[in-house]
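Data block below; observations after.
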Amino acid sequence: MRRFAGSCRFIFNRALALQKERYEKSEKKLNYAELCKLLTKWRNCEDISWLKEAPVHPLQQTLKDLERAYSNFFAKRASFPRFKKKGKGGGFRYPDPKQIKLEPSNSRIFLPKLGWLRYRNSRDVLGRVKQVTVSIRSGKWFLSIQTEREVAQPLHSSNTMVGVDVGVSRFATLSDVTVYEPVNSYRRQEDRLAFLQRQLSRKQKRSSNWQSAKARVQKLHTKIADIRRDYLHKTSTSISKNHAVVVMEDLGVVPMSKSAAGTVVRPGRGVRAKSGLNKSILDQGWYEFRRQLEYKQQWRGGLMLAVPAKNTSRTCRSCGYVAKENRRTQAKFCCVECGYSQHADLNAAHNILAAGHAVLACGESVQQGRSMKQEPTEAILALSV
Ligand SMILES: [Zn+2]
């Protein structure tokens with residue numbers, strides 16, 4: 068499997084190098100079909116004949132990945148495709164269901180050129196198998212099985228609507244007063260990570276001591292990421308289970324200055340990633356959080372609304388007065404006009420909820436159409452908005 072993953076990496080890098088070279092010579096970029104033709108040629112080359120040992124479909128899928136990386140770049144969704152590095156994850160994908168045999172009851176799967184493999188089941192595989200991805204993470208191999216099935220449009224079991232404010236000191240504050248504290252898994256492991264990295268730097272590169280020190284560093288990175296992901300899933304699941312409509316600020320348009328104020332979000336370019344606040348920001352994963360909420364709401368027949376992040380932390384929930392001075396400290400909100408006082412994040416969550424109500428009631432514009440893809444279901448229309 069390592070060899071197959073290595074072959075895929077090789078093909079990806081080779082194709083990318085070729086595309087770059089063509090670009091420098093002002094030649095047209097090769098498309099997927101043309102690259103596939105080249106792949107056949109490469110597989111017949113004498114000096115890289117080991118490529119033949121790898122299954123051909125996963126190699127083609129790698130070219131597809133490169134194609135996608137390019138179109139993401141041109142659509143300004145991602146930076147320019149980079150070369151894949153050895154020893155950093157990796158994997159390969161089987162796209163043809165006809166070549167895959169899955170026997171969940173026996174915990175085994177048949178994959179081309181690998182034969183029958185045993186695996187440990189983490190969840191039921193529902194629906195028809197579409198494709199299988201084999202990947203490695205911190206020395207462990209994983210199978211991801213993509214399936215397809217029809218599901219009836221679900222009706223959300225709850226009929227409440229909630230505003231969610233995300234921030235640094237409190238991970239998420241809900242307008243129904245629920246508070247989720249941040250886990251900051253990176254921060255908590257920072258010292259240990261620094262220690263392991265120091266050890267790694269003292270070893271002779273590529274020696275066996277170096278290899279095992281590197282594995283320890285990698286393992287800790289994996290652990291940090293696992294803790295974070297686990298927490299994000301638990302939080303988004305519980306919110307999505309309890310509320311038919313979830314309203315969040317549109318994270319994409321929040322200006323950078325706001326994160327300095329402590330409410331949020333995307334660390335822009337040129338920001339010193341080392342500053343303490345940004346470390347915390349990177350540690351939170353609000354984008355992933357929102358992404359999870361979005362699809363989990365769709366699963367359950369709920370709705371996730373993104374509202375413009377405008378003055379949500381400065382507006383008084385009680386009288387609507389907007390002023391920077393309303394927010395006395397990071398945590399304290401106190402209106403200079405009417406004297407209403409509340410935790411700043413809770414006040415913001417209420418404003419977000421109100422903005423959500425406005426969107427549903429009078430069809431006010433929603434940022435990023437993606438969020439409105441799903442029509443409000445009956446459960447939502449039944450709300451007292
Ligand atoms: Zn007020």
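Position in the sequence shown counted from 1, then plus 67, gives you our numbering. Cβ coordinates follow ideal geometry from the N, Cα and C atoms, glycine included. Everything numeric in this text was worked out from a predicted model, so none of it was measured.
Between which two residues does the alpha helix (DSSP H) containing residue i stretch?
| i | result |
| --- | --- |
| threonine 129 | 123-141 |
| glutamate 91 | 69-91 |
| arginine 269 | 252-269 |
| isoleucine 291 | 275-309 |
| alanine 100 | 99-110 |
In whole angstroms, give me the CA-to-CA distance for residue i and residue j.
| i | j | result |
| --- | --- | --- |
| lysine 165 | arginine 175 | 16 Å |
| tyrosine 99 | glutamate 120 | 22 Å |
| glycine 352 | serine 225 | 26 Å |
| glutamate 257 | valine 231 | 29 Å |
| leucine 102 | leucine 130 | 7 Å |
| arginine 160 | valine 244 | 44 Å |
| lysine 96 | arginine 187 | 42 Å |
| valine 229 | glutamate 361 | 14 Å |
| glutamate 94 | histidine 417 | 55 Å |
| tryptophan 183 | glycine 158 | 18 Å |
| tyrosine 354 | arginine 76 | 28 Å |
| valine 123 | aspartate 297 | 35 Å |
| alanine 398 | glutamine 213 | 44 Å |
Over the uninterrupted beta strand (DSSP E) stretch that includes residue i, give me the two end residues.
| i | result |
| --- | --- |
| arginine 160 | 158-161 |
| alanine 239 | 239-241 |
| tryptophan 117 | Note, tryptophan 117: premise wrong, no beta strand (DSSP E); not H, not E. |
| glutamate 94 | No beta strand (DSSP E) holds glutamate 94; DSSP gives it neither H nor E. |
| phenylalanine 147 | Run containing phenylalanine 147: none; DSSP gives neither H nor E here. |
| glutamine 166 | That residue, glutamine 166, is in no beta strand (DSSP E); it is neither H nor E in DSSP. |
| glycine 230 | 228-233 |
| glutamine 198 | 195-204 |
Please determine whether the Cβ atom of residue i lies at a distance below 7 Å from any heavy atom of ligand 1.
| i | result |
| --- | --- |
| glutamate 404 | yes |
| serine 385 | yes |
| tyrosine 407 | yes |
| tyrosine 388 | yes |
Please state whether the Cβ-Cβ distance between residue i and residue j is less than 8 Å.
| i | j | result |
| --- | --- | --- |
| proline 148 | leucine 126 | no |
| serine 252 | isoleucine 294 | yes |
| threonine 379 | alanine 411 | no |
| glycine 369 | valine 312 | yes |
| lysine 270 | tryptophan 277 | yes |
| arginine 195 | arginine 216 | yes |
| valine 201 | leucine 210 | yes |
| arginine 381 | alanine 373 | no |
| leucine 178 | valine 199 | yes |
| cysteine 401 | asparagine 393 | yes |
| cysteine 429 | cysteine 405 | no |
| aspartate 317 | alanine 239 | no |
For chain D, is any of its Cβ atoms less than 8 Å away from the one on residue i?
| i | result |
| --- | --- |
| aspartate 297 | Absent here is chain D; the protein component of the structure consists of one chain. |
Practice task
Mind listing, in chain order, the continuous beta strand (DSSP E) runs of no fewer than 3 residues lying wholly within the region 368-410?
Solution key: Fully enclosed beta strand (DSSP E) runs of no fewer than 3 residues occupy 370-374, 399-401, 408-410 of the region 368-410, in order along the chain.
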